[in-house]
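Novice: Following this message is one structure expressed as structure tokens.
Residue numbers (our numbering): 56 to 213.
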């Protein structure tokens with residue numbers, strides 16, 4: 056008749072973040088960008104948000120991103136990728152079992168095709184504040200996601 060220690064509270068369980076262990080509140084993000092300066096800029100903007108762990112990759116292929124997806128909460132794809140590359144990448148990732156939320160970081164003055172913006176959990180505007188960006192990443196991580204099959208894509212996004 057031993058005692059059982061209850062598991063620590065999960066994020067979203069109603070326990071205030073200040074009382075939850077840091078490992079449970081940490082958000083891991085993989086930023087997919089072919090631009091050399093964009094990952095460093097994003098890392099600098101989010102520096103004050105120690106709960107956001109940002110990794111990055113310059114590999115913009117579906118297989119390469121899928122291979123690292125399960126180690127992250129959010130796969131954040133750079134919206135400055137060439138439109139054709141972005142479309143193919145997002146369609147491929149949307150059909151893959153990632154185990155992570157999928158989002159596009161949309162820079163100011165960049166327009167992304169509607170058929171592409173319908174694919175991720177979220178489109179995050181690269182807005183003026185780091186707080187808004189961090190909050191949008193957290194929201195993206197909580198957005199339900201299901202892989203799309205060829206037949207269900209038309210039903211979900213007519």
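The beta-carbon is built from N, C-alpha and C at its ideal position, and this holds for glycine as well. From a predicted model like this one, the values you see are computed outputs, not experimental measurements.
Quick one: what does DSSP say residue 171 is sitting in, helix, strand or coil?
Specialist: Locating residue 171 in the chain shown gives position 116, where the first residue counts as 1. Residue 171 falls in the helix class under three-state DSSP.
Novice: According to DSSP, what are the bridge partners of residue 110?
Specialist: Your numbering for residue 110 matches position 55 in the chain shown. DSSP output for residue 110 lists 85 as bridge partner(s).
Novice: Which parts of the region 124-155 are runs of the alpha helix (DSSP H), unbroken and 4 residues or longer, counting only runs that do not cross its ends?
Specialist: With a minimum length of 4 residues, the continuous alpha helix (DSSP H) runs that stay inside the region 124-155 are 138-150.
Novice: Please report how far the alpha carbon of residue 193 lies from the alpha carbon of residue 127, in whole angstroms.
Specialist: As a position in the chain shown, residue 193 is number 138, starting the count at 1. As a position in the chain shown, residue 127 is number 72, starting the count at 1. Using only the alpha carbons, I get a separation of about 12 Å.
Novice: Please classify residue 163 as buried or exposed, where buried requires at least 16 other C-beta atoms within 10 Å of its C-beta.
Specialist: Position 108 of the chain shown, counting from 1, holds the residue named residue 163. Its Cβ having fewer than 16 others within 10 Å, residue 163 is exposed.
Novice: Excluding the 5 residues preceding and the 5 following residue 207 in the sequence, name in chain order all residues of the same chain whose CB lies nearer than 7 Å to its CB.
Specialist: Along the chain shown, read from residue 1 onward, the residue named residue 207 stands at position 152. At residue 207 the pLDDT is 43, less than 50, meaning the model places this residue with poor confidence and gives no usable figure here.
Novice: Within the continuous alpha helix (DSSP H) that includes residue 180, where are the two ends?
Specialist: Numbered from 1 along the chain shown, position 125 holds the residue referred to as residue 180. Segment 177-180 is the beta strand (DSSP E) holding residue 180; no alpha helix (DSSP H) there.
Novice: Please name the residue or residues paired with residue 161 in a DSSP beta bridge.
Specialist: Along the chain shown, read from residue 1 onward, the residue named residue 161 stands at position 106. Answer is 180.
Novice: Excluding sequence positions up to five away, which residues of its chain have a Cβ less than 6 Å from the Cβ of residue 111?
Specialist: Taking the chain shown and counting its residues from 1, the one referred to as residue 111 is at position 56. So the list reads 86 and 94, once near-sequence residues are dropped.
Novice: Classify residue 134 as buried or exposed, calling it buried when 16 or more other Cβ atoms lie within 10 Å of its own Cβ.
Specialist: As a working note, residue 134 is residue 79 in the chain shown. By the neighbour-count rule (16 or more Cβ atoms within 10 Å), residue 134 is buried.
Novice: Let me know the secondary structure DSSP gives residue 197 once reduced to three states.
Specialist: Taking the first residue of the chain shown as 1, we reach residue 197 at position 142. Note: residue 197 maps to helix in three-state DSSP.
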